[in-house]
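Visitor: My questions all concern the structure below.
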Amino acid sequence: MGVLLVVLLIALNLTVSVGTLNGLLLYANIVKLYEPVFSRKGALPVLSQVISWINLDFGFEICLYNSIDSYAKQWLQFAFPLYLWIIIIIIIQLCRRYGKISRLMGSHAVPVLSTLFLLSYTKLVRTIVIVLHKREVTVQCTNESVRSVSLWYEDPNVEYAKGKHALLFGFTLLVSVFFVIPYTLFLLLNRFYEKYLSNFKIFRKFWSHFKPIIDAYSGPMKDEYRFWPGLLLAARIPVLLSVTLVDSFIQSQHFLLSMLLVVLAIVLSLGYCFGGVYIKRMNNIIEVWFLLNLCIMASLSLAFTNESKLSHMKCYDALIKKLFKKQDEDDDPLLDVTESHLTVDQQRRAMVPSSTDYVRQESVVDLF
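Here the sequence shown stands for residues 7 to 374, where the numbers follow my numbering.
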């Protein structure tokens, strides 16, 4: 799949240097993050699969071997983007050495690498947040002392930053320091680097290696708005953090949708104030169209959520009135309404024990 994706990007020139992909990729990233809210089960499976591919996701659960755990899955999340980068870097090196391959590839090799970086960004940042997320558990020891233990949030059987998690933790920090942070800052502050830091000899050689990659992003932009791709990256971060760190997607749905609407409103307002950031007017129209689609989807989801809550309360009030009426007629004790009416999460926990609670109990036994 990796080789096929790279060949497809090169053959069709589906790169960020064209200027039409920024809005599409932001749209696909957010729809994938908010998949439990935006997509209904079984609705538009083809569109859902395409969005999964854009997010470098296969669209189905991967199990390379029996009893694969969360620890191994996070390694796989890192492995696939790195595999794609290696493919295109090898192609770039071959283009430099062999003229025939260079003529065949044209000028698409570096823009494809830039596109793969952007495709990988949300996937890598989300994986980093998952790996670095921890929980504190208080344990009562045998000598009646209380001790706090740090466990990995994704798998409470694993101690945080210890044992096998230490290797994953260290690799995650390396990816953060050497890719995520520099990549975001380079795209956001590229004009500052080019104007000031490139004059220093120590930065000049370093900048010369990365300038072709940065130019692939900023090429379609007006010169004064070359920071716009970096701003779209920064806009992903609060949305991604809020989605990844919430304990319950269902209970936090109102907050998550509100957060998304605020971010989209800021991006649209800035684009309107700037009067269009792309050189080509069509690119501005395409990006605004994707952003407005996200706003409409989030607004409708928020409205239906509030309507669902309202109808839920009406049913609750009707149940109370019915029970009180029955008590007056039969003179029987009133049933405990609070016990008979449970939320969706409470009903699900009553039927199926929470895997997190179960694993947490096991982890305490294993540790002590």
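Even glycine gets a Cβ: it sits at the ideal position worked out from N, Cα and C. Because the structure is a prediction, the values reported are computed rather than measured.
(1) Helix, strand or coil for serine 204? Go by DSSP, reduced to three states.
(2) Between Leu239, Ser156, Cys301, which lies nearest to valine 5 when the distance is taken from Cα to Cα?
(3) In its own chain, which residues sit with a C-beta less than 8 Å from the C-beta of leucine 237, not counting the 5 before and 5 after it?
(4) From this set, Met303, Leu298, Ala17, which residue's C-alpha is nearest glycine 29's C-alpha?
(5) Can you tell me which residues form a DSSP beta bridge with valine 153?
(6) How long is the line joining the alpha carbons of arginine 232 and phenylalanine 280, rounded to whole angstroms?
(7) Quick one: residues in its chain with C-beta nearer than 6 Å to the C-beta of isoleucine 57, no 5 flanking neighbours on either side, listed in chain order?
(8) Under 9 Å between the Cβ atoms of glutamate 142 and serine 151?
(9) Can you say whether threonine 121 is buried or exposed, counting buried as having 16 or more other CB atoms within 10 angstroms of its CB?
(10) From the DSSP output, in three-state form, read off lysine 168 for me.
(11) Classify isoleucine 16 as buried or exposed, calling it buried when 16 or more other Cβ atoms lie within 10 Å of its own Cβ.
(12) CB aspartate 196 to CB glycine 25, shorter than 9 Å?
(13) Would you report the Cα separation of histidine 347 and alanine 241, rounded to the nearest angstrom?
(14) Cβ atoms of threonine 133 and glutamine 99: under 9 Å apart, would you say?
(15) Based on Cα-Cα distance, which residue from Val283, Leu266, Lys106, Ile291 lies nearest to phenylalanine 44?
(16) Taking the C-alpha atoms as reference points, what is the distance between tyrosine 207 and tyrosine 189?
(17) Which class does lysine 129 belong to by DSSP, given the choice of helix, strand or coil?
(18) Would you check whether the ligand ATP has a heavy atom nearer than 8 Å to the C-beta of asparagine 61?
(19) How many angstroms separate the CA atom of alanine 115 from the CA atom of aspartate 161?
(20) By the 10 Å Cβ neighbour count, where 16 or more other Cβ atoms means buried, how is histidine 171 classified, buried or exposed?
(21) With three or more beta-carbon pairs closer than 8 Å as the criterion, would you say the segment 85-92 touches the segment 123-139?
(22) Given a cut-off of 9 Å, decide if valine 12 and isoleucine 107 are closer than it, judged by their beta-carbon atoms.
(23) Check whether the Cβ atoms of leucine 157 and tyrosine 166 sit closer than 9 Å, and answer yes or no.
(24) Taking the alpha-carbon positions, what's the glutamate 41 to methionine 111 distance?
(25) Run through DSSP, which three-state label would lysine 106 get?
(26) Kindly list the residues whose CB is nearer than 7 Å to the CB of tyrosine 223, restricted to its own chain and excluding five residues on each side of it in sequence; keep chain order.
(27) Please classify tyrosine 284: does DSSP put it in a helix, a strand, or coil?
(28) Does DSSP classify lysine 228 as helix, strand or coil?
(29) Tell me whether the beta-carbon of glutamine 259 lies closer than 9 Å to the beta-carbon of serine 204.
(30) Considering only the alpha carbon of each residue, which of Gln55, Ile243, Ser113, Tyr77 lies closest to leucine 18?
(31) Please list, in chain order, all residues of the same chain as isoleucine 285 whose beta carbon is under 8 Å from its beta carbon, the five residues on each side excluded.
(32) Check this for me: beta carbons of valine 137 and leucine 174, under 9 Å apart or not?
(33) Whose CA, out of Ala309, Gly282, Ile292, lies closest to the CA of serine 264?
(34) Tell me, please, which residues DSSP counts as bridged to tryptophan 158.
Guide: Reading it off the structure:
(1) Counting from one through the sequence shown, the residue named residue 204 turns up at place 198. DSSP places serine 204 in helix when its eight states are reduced to three.
(2) With the chain covering only 7 through 374, there is no way to say anything about residue 5.
(3) Walking along the sequence shown from the start, residue 237 turns up at place 231. Counting only Cβ-Cβ distances below 8 Å, and skipping sequence neighbours, we find Leu194, Val273, Leu276.
(4) Residue 29 sits at position 23 when you count from the first residue of the sequence shown. Nearest option by C-alpha distance: Leu298.
(5) Translated into positions along the sequence shown, residue 153 becomes position 147. It is worth fixing the name first, because residue 153 is arginine in this sequence and not valine. In the DSSP output, where bridge partners are listed per residue, arginine 153 has Val145.
(6) Looking up residue 232 in the sequence shown gives position 226. Looking up residue 280 in the sequence shown gives position 274. For arginine 232 and phenylalanine 280, the distance between alpha carbons rounds to 12 Å.
(7) Sequence index remark: in the sequence shown, residue 57 carries index 51 (1-based). Result list for isoleucine 57: Ala34, Val37, Lys38, in chain order.
(8) Mapped onto the sequence shown, residue 142 falls at position 136. Mapped onto the sequence shown, residue 151 falls at position 145. In this structure, serine 151 does not lie closer than 9 Å to glutamate 142 by Cβ.
(9) Counting from 1 along the sequence shown, the entry for residue 121 is found at position 115. Threonine 121 is buried by the Cβ-count criterion.
(10) Position 162 of the sequence shown, counted from the first residue, corresponds to residue 168. For lysine 168, the secondary structure class from DSSP, reduced to helix, strand or coil, is coil.
(11) Taking the first residue of the sequence shown as position 1, residue 16 is located at position 10. Its Cβ being crowded by 16 or more others within 10 Å, isoleucine 16 is buried.
(12) Taking the sequence shown and counting its residues from 1, one reaches residue 196 at position 190. Taking the sequence shown and counting its residues from 1, one reaches residue 25 at position 19. A small correction: the amino acid at residue 196 is asparagine; aspartate does not occupy that position in the sequence shown. No, they are not a contact pair.
(13) The sequence position of residue 347 within the sequence shown is 341, counting from 1. The sequence position of residue 241 within the sequence shown is 235, counting from 1. Residue placement at histidine 347 is flagged as unreliable, the pLDDT there being 43, under the threshold of 50; the coordinate-derived value follows with that caveat. Their backbone Cα atoms lie some 40 Å apart in a straight line.
(14) Numbered from 1 along the sequence shown, position 93 holds the residue referred to as residue 99. Numbered from 1 along the sequence shown, position 127 holds the residue referred to as residue 133. Going by C-beta atoms, glutamine 99 is not nearer than 9 Å to threonine 133.
(15) Within the sequence shown, residue 44 is the residue found at index 38, counting from 1. Nearest option by C-alpha distance: Leu266.
(16) Position 201 of the sequence shown, counting from 1, holds the residue named residue 207. Position 183 of the sequence shown, counting from 1, holds the residue named residue 189. Looking at the sequence itself, residue 207 is lysine, so the reference to tyrosine does not match. Each residue's alpha carbon lies about 21 Å from the other.
(17) Counting from 1 along the sequence shown, the entry for residue 129 is found at position 123. Helix at lysine 129.
(18) With respect to the ligand ATP, the structure shown offers nothing to examine, as it has no ligands at all.
(19) For the purposes of this step, residue 115 is taken as residue 109 along the sequence shown, with counting starting at 1. For the purposes of this step, residue 161 is taken as residue 155 along the sequence shown, with counting starting at 1. Going by the C-alpha atoms only, they are around 39 Å apart.
(20) For the purposes of this step, residue 171 is taken as residue 165 along the sequence shown, with counting starting at 1. The residue is buried, with at least 16 neighbouring Cβ atoms inside 10 Å.
(21) yes
(22) The residue you call residue 107 lines up with position 101 of the sequence shown. The residue you call residue 12 lines up with position 6 of the sequence shown. Result no, Cβ atoms of isoleucine 107 and valine 12 do not sit closer than 9 Å.
(23) For the purposes of this step, residue 157 is taken as the residue at position 151 of the sequence shown. For the purposes of this step, residue 166 is taken as the residue at position 160 of the sequence shown. For leucine 157 and tyrosine 166, yes; Cβs fall inside 9 Å.
(24) The residue given as residue 41 occupies position 35 in the sequence shown. The residue given as residue 111 occupies position 105 in the sequence shown. Going by the C-alpha atoms only, they are around 36 Å apart.
(25) Here the question's residue 106 lines up with position 100 in the sequence shown. Of the three classes helix, strand and coil, the one that applies to lysine 106 here is helix, per DSSP.
(26) As a first step, residue 223 must be located in the sequence shown, where it is residue number 217. Taking C-beta separations shorter than 7 Å and ignoring five residues to either side along the sequence, the partners of tyrosine 223 in its chain run Val22, Ser120, Leu193, Pro235, following chain order.
(27) Taking the sequence shown and counting its residues from 1, one reaches residue 284 at position 278. Tyrosine 284: strand per DSSP, three-state reduction.
(28) Working through the sequence shown from its first residue, we reach residue 228 at position 222. Under the three-state reduction of DSSP output, lysine 228 falls in the coil class, being neither helix nor strand.
(29) Taking the sequence shown and counting its residues from 1, one reaches residue 259 at position 253. Taking the sequence shown and counting its residues from 1, one reaches residue 204 at position 198. Their beta carbons are not under 9 Å apart, which means glutamine 259 does not touch serine 204 by this criterion.
(30) Against the sequence shown, residue 18 aligns to sequence position 12. Taking only the C-alpha atoms, the option nearest leucine 18 is Ser113.
(31) For the purposes of this step, residue 285 is taken as the residue at position 279 of the sequence shown. Around isoleucine 285: Gly25, Pro226, Met227, Lys228.
(32) Here residue 137 refers to the residue found at position 131 of the sequence shown. Here residue 174 refers to the residue found at position 168 of the sequence shown. Closer than 9 Å, so yes.
(33) Along the sequence shown, one-based indexing puts residue 264 at 258. The candidate whose alpha carbon is nearest that of serine 264 is Ala309.
(34) The residue given as residue 158 occupies position 152 in the sequence shown. Lys140.
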